[in-house]
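Residue numbers (the working numbering): 1 to 98.
A virtual CB, placed ideally from N, CA and C, is assigned to each residue, including glycine.
The structure presented is a predicted model; accordingly, all values stated were derived computationally and were not measured.
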């Protein structure tokens, strides 16, 4: 579970990122989950864009992806999600929690 300080840190880092994953008409499929897991493994912090054609609510998409990928949700801003999952060899050093 991320603390508020850690979420702020990740949001600052994520500001300059481009979306790596796009969720469209097929909603959250097995292929999308697999692609998201691979992206998180290589980047740790990724942006996911929920397209207009997606029938699911953006918060539902975030919840399903986080559960399926065992990731943390750092932010939902408009139709963009920011997901974080610590890698086996972490590249990012998060601020210490309480």
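query: Can you tell me the Cα-Cα spacing of residue 76 and residue 21, whole angstroms?
result: 14 Å
Straight-line Cα distance separating residue 4 from residue 84: 14 Å
task: Pick helix, strand or coil for residue 85, following the three-state DSSP scheme.
output: coil
- request: At 4 residues or longer, and completely inside the region 28-64: list those alpha helix (DSSP H) runs for me, N to C.
  value: 30-43
field: Whole-Å CB distance - residue 81 paired with residue 48, under 8 Å assumed
entry: 4 Å
- prompt: Does the beta-carbon distance from residue 10 to residue 65 come in below 8 Å?
  reply: no
- prompt: In terms of residues, what are the limits of the beta strand (DSSP E) holding residue 74?
  reply: 72-77
query: Are residue 69 and residue 40 touching if we call contact CB-CB under 8 Å?
result: yes
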